[in-house]
Structures are given as structure tokens and as C-alpha cells.
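In what follows, a structure is listed as C-alpha cells, so that the remarks can point back to it.
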Amino acid sequence: MRLRHALRKDANALPFCWRYSLEENDEVPSPIRLQLLLQSLVTVHVSAHNIAQRKCEALLNQRQSIQTVINKKSDVEKREYQTRFNASVDYICFLQRQGLAFRGHDESKDSNNQGNFLELLRFLANHNEEIDKAVLENAPKNHQMTSPDIQKEIANAAAVETINAIIKDMGDSLFAIIFDESCDMSTKEQLAIALRYVDKLGHVNERFLGITHVNNTSAVTLKSAIEEVFNKHSLSISRLRGQGYDEASNMLGELNGLKTLILKDNPSAYYVHCFAHQLQLTLVAVARNHIQIATFFNLVAKVFNIVGASCKRHDILREKQDGLDSDQRAEANILIGLLQTFEFVFDLHLMKGVLGISNELSQALQRKDQDIVNAMKLFDISKQRLQVMRDDGWNTLLEEVFAFCAKNNIDVLDMEDLYQPRPRRKAQNMKNSHHYQVELFYTVIDLQLQELNSRFENSELLFCVACLNPDNLFSAFNRVKLIRLAQFYPSDFSAVQVSFLDNQLETYIHDMRSIEEFSALKGIGQLAKKMLEMKKNVSYPLVYSLMTLALILPVATATVEKAFLAMNIINNRLRNRIGDQWMNDCLVTYIEKDIFKTIECEEIMQRFQNMKNHRGQLRKIS
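Straight run, no breaks: the sequence shown in UniProt numbering ends on number 622.
Written as C-alpha cells, this is what we have:
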């Protein structure tokens, strides 16, 4: 008793004892007396404190709460609750993976379609007697586990577990952020965010983190939204080593742009312009700067609009109906006439060749594990192929055009005749061969090469990163540039570590060139995996850190752009009133299906159970 009197004096330090071991009328001893009591009765205190702690833990246990004891269920009712909950979780996870709507327009008992969730639950009950006994009409009216709020809570639990799995996979690794903004179906501005990091196996991963609604797309607003997401998932901006997004003016302003704001907080978060977006801009520049190519694309757009814009037009064209009005016939005749000209056929085959080269590059850039060095190499290959096409492709192109015209009964121009432009009053003393070869073929390819060279100027950072490339027995290796690369990241390489790196690089390059397994590697990604496989990351930790930083740099924003495509599936015309959190939970599980599939239902159930007090209690998962 005297110990409890003494402990009451320091209730803030011993909350368990204060709550469960002291009485209201206990006397409070003096400090001297307290010291004596503590020395003589410490054993009694330890026992009292342990009892108090156990009582406090029991209070926090939902299954031992007063409400649970009052609503204590029989074993049969507990099994039915578990069955009912399992069925709800299984079907909600199924709908999330497929990106399907949960609810129906009319969910009343008399409705012929109560929505995907209830209809699937009823289908399962009709084919499983055990589930049928526990769900829908056979479940307690106040405990059916089918309400919209329950559906949202379970979906949120699934999304939280998916994100937690991603964060756990990333661990303490450095990362880059990739993001973009777009309007959803309800015309609200949404910011999509993804992370790029290297996992423990050396694999480059790009994972969707979520979307967040922003009131505007100013740099300050976007940065605040990113910080909010970082705080939500316990991510630190100090571990950010790259940022990637498109070239919108509100993001790249030198003073107020998002790039500048992030660099103020973290100078090592280097910005890399989306390679795929730069490629797109090169094609747009060619179309804008050459009148004949711009006319060609406009004509293709008109044809597409007439044929594919409406089902009615498509059916009319397919069935060859004659009931067209005069305006439609006139427009169709004009388009047919333009399509059957030598000029259109030549433009078609020329752009097919140019876009074919660019398409292979574009497809490669969409890969999530693509690294900067490979991307730069692919651009060099594309430029080389365009140069080969310019130097040696004229005769081949002309033969393809002539063969196509002969097959489709299109008049072929004599290349030695004078070129007749439209209108004819602008005719010049120029042969067809000069116009099509010099003013069209050479000019278009030169414009493409010029744009590729101007938009993909390699910065010092990228030049240094390229020295890690293992191609051709590490022919690009340059010790001075790699040391300079380390100096770009003062948070990761101290002055002492940079001096150690100098010696480590010398040993590293001799070792790599002497091992046959490293002779046929392509790209930094393969090099990093092989180093982990052969434990070379332990021998050369500083060099491996350089590789990790190089792999983190984002190449393209394909991950977040695909998120907007998924958003059009989740937030479609019939679901345009879906809430922001609800849509985010559905997108996370739909986009990151491979991670979501690894989440056990028991984990989702436990997450749901821990959100708040629920009428039913599940067995605790160890």
C-alpha cells in the first residue's frame, strides 16, 4: 500500500500503476519517504506494476471489451461471421483486381441487378451451402457485412496492405519520384505518383503509389501534395534521388517550378526529362515544320474521322449504301481523290519508315526496368538507323512506292518530269526527283535527326552515368568521370569515401575485365544483378552505390500515364461520382496486381479489424 502511495506522486511516469494500482484517498508521501519505500519495497512495486500493465493491455484488447462480452456469440455464430467476412473480402478483392464497379444503380430486393458485389455474393451463396447459411437474407440484419461503408473499408484495407508491401520491398533504398497530372471523368485535377527504386535483388521497380486531388497545377500546390503523400507513407524527401515528369511550363520554371522547389529541399534529386515525351515532341516538330507532312497528317485525321467517328458512318461504308447526301458524297470523293495520288502514297511510305524506327524506340522506353544508359544507347541507334535510311534508303523507298501504286492502280509520276505543285501558278523549274528526294525525303529525315540531337543533349550527369556501361568489356569506363558522378551526390559520398572510391575503381575495372561472366553483359541493370549474384557488391560497395543511383534516374513517365488509362476504367462515365479515396484504393490494387495478389486475405481481414471497433471479432493472426 505504501508503494502505491509513493507511486501516485509520479503518475505521469508510471501510467499503468496510476490507472490500476492507486486509490483516490491514498496519501502522497514526501520525497524522502518515497526514496525509503522504493528501496525497501521494490519487489512489491514490480509485481504491482506488472499487474497494472496486464490490466491495461486487456483494456486495449477488443475481444475482451465490455461490448464484446455483452455480445458474446456462440461458436456457430462466430464461424458464420468468419464465413460471411471471408466471402465479402474474396469478392471485393476480385472486383478490385478486375477494375469492376461494386454497386448497382438499384440494390433493392426487387431489383434485377443489385450490382456486381451483391450479385456475385448471391451467386456464390447459390453454389455453396455453407456460405448460403451465413450471408444475405440468412445473416443478422445488423451484421450482414455488405453495406457500402463496409465495402469501402475492406477495399481500403486491401490498398493499404498493397502499399505497405511496396514500401517494405523498397526498404531503406534510395528512390526517384515520377508523376503527372490529368483530369478525371468528373473534371477534377488528379496527381498520379509513382516510385522508382532498386530492390535487394538488383531489380529496377516502378510502383504506383497513388493519386491525390489538387485544386490547381501550380508548382507550390503540386509540391504540397507530394509532401502530403510522403508524410502519409513515412517517406523522406532526403532519400529522393531523381524526379521525372513532362515538360509543362508550371513544372520547369527556373524560379517557381516544381523542379526548383524540390531541388531546394534536396539538391541530389536530379530532374530527368521523360525520354518518351521528348521523342513525341520530335515527331510533332517534324509535322509542324514541314507543310507537306502536316497536310498528310491532317488528311489521315479526316479519313479517320469519317470512317471511325460514328457507328452509322462505319455501317454505311461497310454496306456500301447509296443513301448519302450530296455534302457527304462530295467530301468522300475529295478524300478518295487525295488518297489515290502519288504524293499521298509517297508521304505514307516515308512516314511509315520514319515512325517505324521511332516506334521501336518508343516501345523500349515503356519498360519499367529501362535504365538511362540503355535509353541513351537506343537513341543513338535510332539516329544511326535514320542516317542509314537517309544515305541508302532512297532507292528502296521509291521501289516500294512504285510497287504499291502499280498494285492499286495509282498513276506513277515520272521522276524526270517537272514538278507540278498545287496550285499550279506556283510551279517552279524543278524535277519531281529533286522535290521528292531533296525537299521531302532528305528534309524530313534531317528535321528528325536535328530534333533528336537538340532535345537529347546529354548533360554532364548523363555523360558520367554512361561510364558505368559494361558493353564491349567496359569500353566506356572512365575513372575521372565516375569520381565526378559520386561528387554529384554529396549526401551519399563523403570526401573520404570519394578518395576511397578512386582506389576501388581501379581494382574494380581490372576485376570485371578478368571475369568471363561480366564480358557479355548489356546495360547497368544486368551488371547490378550480376554483381549481387557474385557478391561483388560486398567487394565494391561504393561502385555498387553508383550503379544504384544510375538505375534510379527515371527514363519515362509511362507508369503514371498508364495510371491515367486505368483511371478511365475505374472512374468511367457511369462511376463519375466516385470519391477520391475510393478511387485511389481501387487504382492501387488494380494497377499493382502482382503485388496485390501476394497479399493474404488474413492480412486484409486483420487490417480491417484494426481500423475501428466492429461488432464481430476475428481470430488474431500470429
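Idealized CB from N, CA, C, for every residue including glycine.
Throw me the rounded Cβ distance for the residue 120 and residue 91 pair, which I believe falls under 8 Å.
So it is a contact: roughly 5 Å between Cβ atoms.
Which whole-angstrom value describes the C-beta separation of residue 346 and residue 436, a residue pair presumed to lie in contact below a C-beta threshold of 8 Å?
About 6 Å; that satisfies the 8 Å criterion.
Can you name, in chain order, every residue of its own chain whose Cβ lies under 6 Å from the Cβ of residue 225, other than the five neighbours on each side?
Cβ neighbours of residue 225 within its own chain (closer than 6 Å, five residues either side excluded): 191, 212, 214.
If distances are taken between C-alpha atoms only, which option among 599, 450, 571 comes closest to residue 186?
The residue with the shortest Cα to Cα distance from residue 186 is 571.
Unbroken stretches of the alpha helix (DSSP H), 4 residues or longer, contained in the stretch 458 to 540
If only complete runs of 4 or more residues are kept, the stretch 458 to 540 shows the alpha helix (DSSP H) at 460 to 466, 471 to 474, 479 to 487, 495 to 514, 523 to 533, 536 to 539, in order along the chain.
Roughly how far, in whole angstroms, is the beta-carbon of residue 151 from the beta-carbon of residue 102, given that I think they are within contact range, below 8 Å?
Residue 151 to residue 102, Cβ: 5 Å. Contact.
Tell me residue 179's beta-bridge partners as DSSP assigns them.
Its beta-bridge partners are 193.
Assuming the contact rule is C-beta atoms closer than 8 Å, residue 353 and residue 389 should be a hit. Round their C-beta distance to whole Å, please.
Contact holds; Cβ gap of about 6 Å.
Kindly indicate which residue of 414, 162, 269 has the alpha-carbon position closest to the one of residue 96.
Taking only the C-alpha atoms, the option nearest residue 96 is 162.
Tell me which same chain residues have a C-beta within less than 7 Å of the C-beta of residue 122, skipping the five on either side of it?
For residue 122, the CB contacts under 7 Å within the same chain, skipping 5 residues up- and downstream, are 136 in chain order.
Compute the Euclidean distance between the alpha carbons of residue 596 and residue 173, then round it to the nearest angstrom.
Those two C-alpha atoms are separated by around 21 Å.
Just the Cα atoms here: how many angstroms apart are residue 160 and residue 588?
Straight-line Cα distance between these residues: approximately 9 Å.
Quick check: residue 344 and residue 394, are their CB atoms within less than 8 Å of each other?
No, the pair does not count as a contact, with Cβ atoms beyond the cut-off.
Alpha-carbon to alpha-carbon, residue 338 and residue 443:
Cα atoms of residue 443 and residue 338: separation of roughly 22 Å, rounded to the nearest angstrom.
By Cβ distance, which residues of its chain are closer than 6 Å to residue 361, with the 5 residues on each side in sequence left out?
So the qualifying residues of the chain are 378, 382.
For the alpha helix (DSSP H) containing residue 151, list its first residue and its last residue.
It spans 148 to 170 - the alpha helix (DSSP H) in which residue 151 sits, taken as one unbroken run.
Chain B beta carbons: is any one of them nearer than 8 Å to that of residue 587?
The structure shown contains no chain B; it is built from a single protein chain.
Is DSSP giving residue 292 helix, strand or coil here?
Three-state result, residue 292: helix.
Just tell me which of 104, 181, 108 has its CA closest to the CA of residue 116.
Of the residues 104, 181, 108, the one whose Cα lies closest to the Cα of residue 116 is 104.
Entirely within the stretch 64 to 142 and at least 4 residues each: give me those alpha helix (DSSP H) ranges in chain order.
Secondary structure remark: continuous alpha helix (DSSP H) runs of at least 4 residues inside the stretch 64 to 142, in chain order: 66 to 70, 75 to 98, 116 to 126, 129 to 132.
Just to confirm, is the Cβ distance from residue 99 to residue 569 under 8 Å?
Yes, they are a contact pair.
With a CB to CB cut of under 7 Å and the five nearest residues on each side skipped, what residues in its chain are close to residue 467?
476, 477, 478, 481, 482, listed in sequence order.
Reduced DSSP secondary structure (H/G/I, E/B, other) of residue 206:
Residue 206: strand per DSSP, three-state reduction.
Please classify residue 341: does DSSP put it in a helix, a strand, or coil?
Note: residue 341 maps to coil in three-state DSSP.
Measuring straight from C-alpha to C-alpha, what distance separates residue 504 and residue 486?
Answer to the nearest angstrom: the Cα atoms are 13 Å apart.
For residue 21, does the count of other Cβ atoms within 10 angstroms reach 16, so buried, or fall short, so exposed?
Because residue 21 sits at a pLDDT of 48, beneath the cut-off of 50, its placement in the model cannot be relied upon, and the following sentence gives the value as read from the coordinates. So residue 21 counts as buried.
Straight-line CA distance for residue 294 to residue 333?
Between residue 294 and residue 333, the alpha-carbon positions lie close to 21 Å from each other.
Beta bridge counterpart(s) of residue 240 as assigned by DSSP:
Answer is 175.
Alpha carbon to alpha carbon, what distance is there between residue 132 and residue 629?
The displayed coordinates of the chain run from 1 to 622. Any statement about residue 629 would go beyond what the structure contains.
Going by the CB atoms, is the gap between residue 244 and residue 528 shorter than 8 Å?
No, these two residues do not count as a Cβ contact at 8 Å.
Residue 291 to residue 384, Cα distance in whole Å?
Residue 291 and residue 384: Cα-Cα distance of roughly 26 Å.
Which residue's Cα is closest to the Cα of residue 432: 439, 446, 415?
Of 439, 446, 415, the residue nearest in Cα terms is 415.
I need the straight-line Cα distance from residue 356 to residue 397, nearest angstrom please.
In a straight line, the C-alpha of residue 356 is about 13 Å away from that of residue 397.
Taking C-beta to C-beta, are residue 157 and residue 84 nearer than 8 Å?
Taking 8 Å as the Cβ cut-off, residue 157 and residue 84 do not qualify as a contacting pair.
Return the bridge partner residues of residue 211 from the DSSP annotation.
According to DSSP, which records beta bridges pairwise, residue 211 is partnered with 192.
By how many angstroms is the C-alpha of residue 560 removed from the C-alpha of residue 182?
Approximately 10 Å between the Cα atoms of the pair.
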